[in-house]
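Taking full-length UniProt numbering, the leading residue of the sequence shown gets 1, the next gets one more, and so forth.
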Amino acid sequence: MSGSASFVYHDQAMNYRFHDQHPFHPLRLQLTLDLLSAASALEPSRIIPSRPATDEELLSVHQPAYVEAVKALSRRRPEAEWIKRAEEYGLADEDTPYFAGMHEAAAYVAGGTVTAVEAVMSGRAAHALHLGGGLHHALSAKAAGFCVYNDAAVAIAYARRRYGARVLYVDTDVHHGDGVQWSFYSEPEVCTYSIHETGKYLFPGTGSVSERGEHLGYGACMNIPLQPYTEDASWLECFEVSIRRLTDYFKPDLIVSLHGCDAHALDPLSHMHCSLAIYNQMPAILHELAHTYCEGRWVAVGGGGYDMWRVVPRAWSLLWLEMSHHPLKRELAPERESSHGISLPQSWIDKWQDHSPVPLPSRWLDDLTRWEAMPRRAEITAKNRESLAVALQDYPAKA
Ligand SMILES: [Zn+2]
Ligand SMILES: [Zn+2]
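Pasting the structure below:
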């Protein structure tokens, strides 16, 4: 597989922060950048700077009144009238509180994902990664779940408008990718896919198998809700079978994938029990599909992931190793027995251990020999297979 990869980054994305105790923290990105540079895996020539999304781009997804409210609440001292109305726009709760400079920072996040789409669709790069992106819960007129502007939806709308591309959106964050799904629910040229912990137990509560799109967009939406305490093997089985089937059915020109890594067992905000293995193997599957169906065109963004010391830097770095065709990724292939023994760069551990409240991991992958199997594994696996079968029932299997 060939093709160059670009890494989209701008310091302004670091300003997308609510407050210091908030779980969606820019330190997640910094720890990842540092790990990649300690591993000599991010050459400066790969980095392309982003720009803020224009109002016109934001308005392709968001309502004018909402963008106006975000701007008004971004001031250092917002007017009392706007503060009263913050709740109506989802900007008053503790998940997504308004903050000074919010519009500018969120416009940079959205613009970064547009930059990644532009790099790939113009042919400048085969793949592009924008880890600052991934704000999949933002709705057309409301902020939600740490998300102000929906960068993925804005960038997909850009790919449609500017290039007429058929876009497959793949969301592997543990939370349902609701904002992106609703943005394109009746749009036949954008197919949204989300694999997540079932909404019965987890925010935002949607993402059942029966959500399949509407009107002309019926069939261009797939949801794979999984049981709490799902482990690697069941997650990977459900993901691989469904995404291969859907990609073959839809035949996209571009894959846009979202990489929240909050299905990990250590994540404090979900109830799944997966390891780094899924974040090692899932990007390899997407990579293969991008080369098979899209001439390589693949844009990836970050997302959730709230064990920022032990999980996020490794999971996101593995994604970039995959996208950049890095030789280390081959050594980490699951069929290699030695893959579990490969160490993280000591310089990264030395730099950050004193700042971390928990011991930092010493290897790229988790040592699963120390993990206990979930007691209801067989039952969980069977329930997940039932959901998978229902989700796939209208999609033809390859002969
Ligand atoms: Zn490639
Ligand atoms: Zn999430």
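Glycine included, C-beta positions come from ideal geometry on N, C-alpha and C.
- In this structure, DSSP gives residue 192 an extended state, which the three-state scheme calls strand.
- Residue 226 sits close to residue 196, with the two beta carbons spaced by under 9 Å.
- Here residue 111 is actually not in contact with residue 301; their C-beta atoms are around 12 Å apart, not less than 8 Å.
- DSSP places residue 282 within a helical segment (H, G or I) once states are collapsed to three.
- Residue 382 and residue 15 have their C-alpha atoms roughly 44 Å apart.
- For residue 222, the CB stays at least 8 Å from every heavy atom of ligand 1.
- In this structure, the alpha-carbon of residue 347 lies about 11 Å from that of residue 40.
- Within the region 145-192, the complete alpha helix (DSSP H) runs of at least 4 residues fall at 151-163, 178-183.
- At the C-beta level, residue 317 and residue 113 stay beyond 9 Å of one another.
- Residue environment for residue 369: exposed (fewer than 16 other C-beta atoms within 10 angstroms of its C-beta).
- Residue 260 sits buried, since 16 or more C-beta atoms from the chains shown fall within 10 Å of its C-beta.
- Taking C-alpha positions only, residue 234 is separated from residue 194 by approximately 15 Å.
- Counting the other CB atoms within 10 Å of its CB gives residue 288 a total below 16, which places it among the exposed residues.
- The C-beta of residue 181 has 16 or more other C-beta atoms within 10 Å across all chains shown, which makes the residue buried.
- Secondary structure at residue 7: strand, using DSSP grouped into helix, strand and coil.
- Distance from the CA atom of residue 391 to the CA atom of residue 36, rounded to whole angstroms, is 37 Å.
- DSSP assignment within the region 90-154 yields the following whole alpha helix (DSSP H) runs of 4 residues or more, N-terminal first: 102-121.
- Contact between residue 254 and residue 170 fails: their C-beta atoms lie close to 11 Å from each other, not under 8 Å.
- Contact between residue 89 and residue 143 holds: CB atoms are separated by about 6 Å, below the 8 Å threshold.
- By alpha-carbon distance to residue 366, the top candidate from 220, 350, 206, 343 is 343.
- Our two residues, residue 291 and residue 247, have alpha carbons roughly 12 Å apart in a direct line.
- In terms of Cβ geometry, residue 279 and residue 333 do not form a close pair [threshold 9 Å].
- Between the C-alpha atoms of residue 148 and residue 138 there is a straight-line separation of about 5 Å.
- For the pair of segments examined, the region 95-104 was found to touch the region 66-75: the number of CB pairs separated by less than 8 Å reaches three.
- Taking the Cα positions, residue 251 is about 18 Å away from residue 117.
- Contact check for residue 191 against residue 232 fails: the beta carbons are separated by 9 Å or more.
- Within the region 279-324, the complete alpha helix (DSSP H) segments of 4 residues or longer fall at 312-323, listed in chain order.
- Here residue 330 has no same chain residue with a Cβ atom under 7 Å from its own Cβ, once five neighbours each way along the sequence are excluded.
- Excluding sequence positions up to five before and after residue 249, its CB lies within less than 6 Å of the CB of 395, all in the same chain and listed in chain order.
- In the structure shown, residue 258 falls within a strand segment according to DSSP collapsed to helix, strand and coil.
- With respect to residue 239, residue 146 sits apart: the two C-beta atoms are not nearer than 9 Å.
- Every unbroken stretch of the beta strand (DSSP E) spanning 3 or more residues and falling wholly within the region 202-270 is given here in chain order: 221-226, 254-258.
- Under a 10 Å Cβ-count criterion, residue 164 is classified as exposed, with fewer than 16 other Cβ atoms of the shown protein chains found around its own Cβ.
- Scanning its chain for C-beta atoms nearer than 7 Å, with the 5 sequence neighbours on each side dropped, one finds around residue 51 the residues 111, 115, in chain order.
- Between residue 183 and residue 388, the C-beta gap is not smaller than 9 Å, which leaves the two residues out of contact.
- One thing to note: residue 263 has its Cβ within 9 Å of the Cβ of residue 174.
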